[in-house]
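Numbering (the UniProt record's numbering), first residue to last: 1 to 271.
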């Protein structure tokens, strides 16, 4: 498609404006984490790493980080099992209601987080409270798994639909046990899709705050919830900037790896 010189300039300007809108605020967070003043003054009078040291020694931030890691790992593990099983059911078998099942799996990630949080809070209070199980880390993991399953399901079902089942059938004809066929044939084909889904699931769980607010009990505080609770405390503002900067830097890693793995999967499927 041919574009005039003015159109190309306009598109480039719009793209630069869009990227600036997305990334300039993130850059400001990083700069403010090095600002020697407690207030977000601009331009900063200098640069210092004292707030990074204070954040490293903050027991509240470290504890919240550990809770976020445990919640993310638990939600990712559940999502990998359930998402993979449902993907196999939808992609490898034809049955009545498969479309409705796919819709039901994808729906949680499309719903507003506050709706999901309220629904889960009501369900946990109704079902778990009579059993003596209150809100805590377990309910946070379950709540995060409801939308992490979608990510794994989408990755695995897309990979299965691009992969013929003839290899698995050939392994079965040669006498391979279903588990052996899965380990030797199916899993290598799905490995990159599973890893990409796991990385994205962990990133989603790690950053979640709305669902966490409704499913976490007293004393259970993830890192995003800790950041939100300390934003209004002037003495904690520099430490919050440091933690936010670290989250931005760490979030790049799983997202970049997931993108590379997804692209490698797509390239492999076309070979």
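Think of the CB as a built atom: it goes at the ideal place given N, C-alpha and C, for glycine as much as any other residue.
- Taking 9 Å as the cut-off, the beta carbon of residue 34 is found closer than this to the beta carbon of residue 51.
- The continuous alpha helix (DSSP H) containing residue 78 extends over residues 59-92.
- Under the criterion of beta carbons closer than 8 Å, residue 225 and residue 216 qualify as touching, at roughly 7 Å.
- Under a 10 Å Cβ-count criterion, residue 57 is classified as exposed, with fewer than 16 other Cβ atoms of the shown protein chains found around its own Cβ.
- Annotation: residue 96 is outside any alpha helix (DSSP H) and is labelled neither H nor E by DSSP.
- Counting the other Cβ atoms within 10 Å of the Cβ of residue 49 gives fewer than 16, which makes it exposed.
- For residue 82, the closest alpha carbon among the candidates 97, 95, 62 and 106 is that of 106.
- Per DSSP, residue 146 is one residue of the alpha helix (DSSP H) stretching across 137-161.
- Residue 159 and residue 182 have their C-alpha atoms some 15 Å from each other.
- Here residue 130 carries a helix assignment [DSSP, helix/strand/coil].
- Considered as a whole, the segment 166-237 harbours 166-173, 178-181, 187-207, 210-215 and 223-230 as its complete alpha helix (DSSP H) runs of no fewer than 4 residues, in chain order.
- Per DSSP, the continuous alpha helix (DSSP H) segment holding residue 52 begins and ends at 50-56.
- Per the C-alpha coordinates, the member of 150, 246, 157 and 175 positioned closest to residue 77 is 150.
- Within a 10 Å sphere around the beta-carbon of residue 9 sit fewer than 16 other beta-carbons, which makes this residue exposed.
- Below 8 Å, enough C-beta pairs join the segment 121-137 and the segment 202-218 to call them touching: three or more.
- Counting other Cβ atoms within 10 Å of its Cβ, residue 80 reaches 16 or more and is therefore classed as buried.
- Between residue 153 and residue 71, the C-beta gap is not smaller than 9 Å, which leaves the two residues out of contact.
- Between residue 205 and residue 68, the CB-CB gap stays under 9 Å.
- DSSP places residue 46 outside both helix and strand once states are collapsed to three, so it counts as coil.
- Looking from the CA of residue 64, the closest CA among 247, 36 and 111 belongs to 247.
- If you draw a 10 Å sphere on the C-beta of residue 208, you find 16 or more other C-beta atoms in it, and that means buried.
- DSSP places residue 27 within a helical segment (H, G or I) once states are collapsed to three.
- With respect to residue 240, residue 113 sits apart: the two C-beta atoms are not nearer than 9 Å.
- Secondary structure of residue 35 (DSSP, three-state): coil.
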